[in-house]
Structure formats: structure tokens, C-alpha cells
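Written out below as C-alpha cells is the structure these notes cover.
In full-length UniProt numbering, the protein residues as written are 1 to 252.
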């Protein structure tokens, strides 16, 4: 592993996340892989988040706190600051599953010579990360599979940084589906090469911006549909239905 020289940037964005931000940060700092750039963007939190983050400032590559237009705007800021050859996103409520995740990411990029990779994810209870609620197990996939409702778990997706410069970042007008739109754009529309890393990469606390009230869920579906249409998915309604149905297997 010492022969691999691939700088990997991890970006975490947070707003009022004092309850779990330390767990997130410590899961990155515990990684065995040496060449990690860790960028933390705080959206000018009004709770104790920034105070907690400052306790780790000597171990963070960049710590920035300022107002933003939401998480995807903050992610774009992080991408603009990144100097790594590969970029991954770790949400403020989430944790890398063990201390070898980034080492395995680097090894797979070196072996497979791909533009992107993705892996597996567990949804865990917010108050008990040992209690698994759902298991998102990905698999080898083709770009055409995105037209059939398939998608990788966004928190496990690592992409070569040059592609953000060439294909753009997160489009804020897609709201909660900005990550889905980016994956459709990169993996389906532009057919970037990718590979599945068959390991648990992230423990994700259940919840999230698009999984709250019925009103939020309806808005999320509208955003998903807009993202599918924009990226010229042939049958966007079918893709949207299959995307929802694919979640069922995560409970078993």
C-alpha cells in the first residue's frame, strides 16, 4: 500500500450538526491511508458545531465556516478547494465503516484505472450505530442501468477530481436531487468508467434531507424526475418507479 501515491480528498459539509460531527471527523482521522486531504465546510452553524470542529483544526487540511446556499453549495466550495486526485463526500452524520476504507479506495483506483468507484453502505439507527436498519449493497453496473432505477450510494462514491472541472459540480436547482443529478450526468450521460468496491464503506445514520415528511418526499420525487429528464433518461417515470422499488431489497 505504501507504493500507492494517490492523494484523496474527503469533503464534509455541516450545518448545526453538533451531535454527530465528532464521530464523522474521527472516522476520517482514524484512516490508515496516509495521503488524505480532509476539508470541512461549516455553513455558519448557530450551535456548537464549529467549536467542536475547531478542536480538530490541526488535523484538518481546511476548516471553513461561512454562510452558504445549502449543502450542495458548500460541497461545490469544497470541490473548488480540493487538491486531491480523487474526491469523496462524507456527510456530517455519517462515518467511514472502518479504518481501511480509504486505503482500499486508493488500491482499487490504482488497480482498475477507472474514473470513479462506489461501494456498500449501511443505514444505522441515529442513536445506536450498531443497529442496522437497512443495507445498501451495490454491484457491478452499466451506464444503462441508471435508466432502470439503479444508482450507487452517493456517500460511497469517489470520483477523479478532473471530472468535476470538465463536467461541472452539483447543480443547486435540483434541490435534494442534486447528488442524483450529478450521478446521472457523470455515469449515464457522460459514461465515465466506474467499478464496484465490494466492501462496507459507510455507516449512514437514517434520515436525511430527502427522507423527512410526506411533503419533503413528494418534493424529492419531483426533483428526481427533473434530474432524470434533464439527463435524457428515455423513460423517466419508469426509472423513478424502479428506483423506489429497488429500495425494498435493502430491508432484507
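Just so you know, even glycine gets a beta-carbon here, dropped at the ideal spot from N, CA and C.
As the structure is a prediction and not an experimental result, all values here were calculated from the model.
* So what's residue 126 in DSSP terms, helix, strand or just coil? -> coil
* Measure the C-alpha to C-alpha separation of residue 152 and residue 75 and round it to an integer number of angstroms. => 18 Å
* To do: Work out the CA separation of residue 183 and residue 3 for me, nearest whole Å.
  => 30 Å
* Asked: Of the residues 125, 192 and 216, which one's Cα is nearest the Cα of residue 158?
  -> 192
* Bridge-paired residues (DSSP) for residue 150 -> Paired residues: none, contrary to the question.
* Going straight from the alpha carbon of residue 112 to that of residue 195, what length do you get? -> 8 Å
* Establish whether the CB of residue 51 and some CB of chain B are separated by less than 8 Å. => Annotation note: the requested chain B is absent from the structure, which comprises a single protein chain.
* Asked: DSSP three-state call for residue 48: helix, strand or coil?
  -> coil
* Can you tell me the Cβ-Cβ gap for residue 29 and residue 59, rounded? I've got them flagged as a contact below 8 Å. => 5 Å
* Asked: What span of residues does the beta strand (DSSP E) with residue 195 cover, start to end?
  -> Unbroken beta strand (DSSP E) run through residue 195: 194-205.
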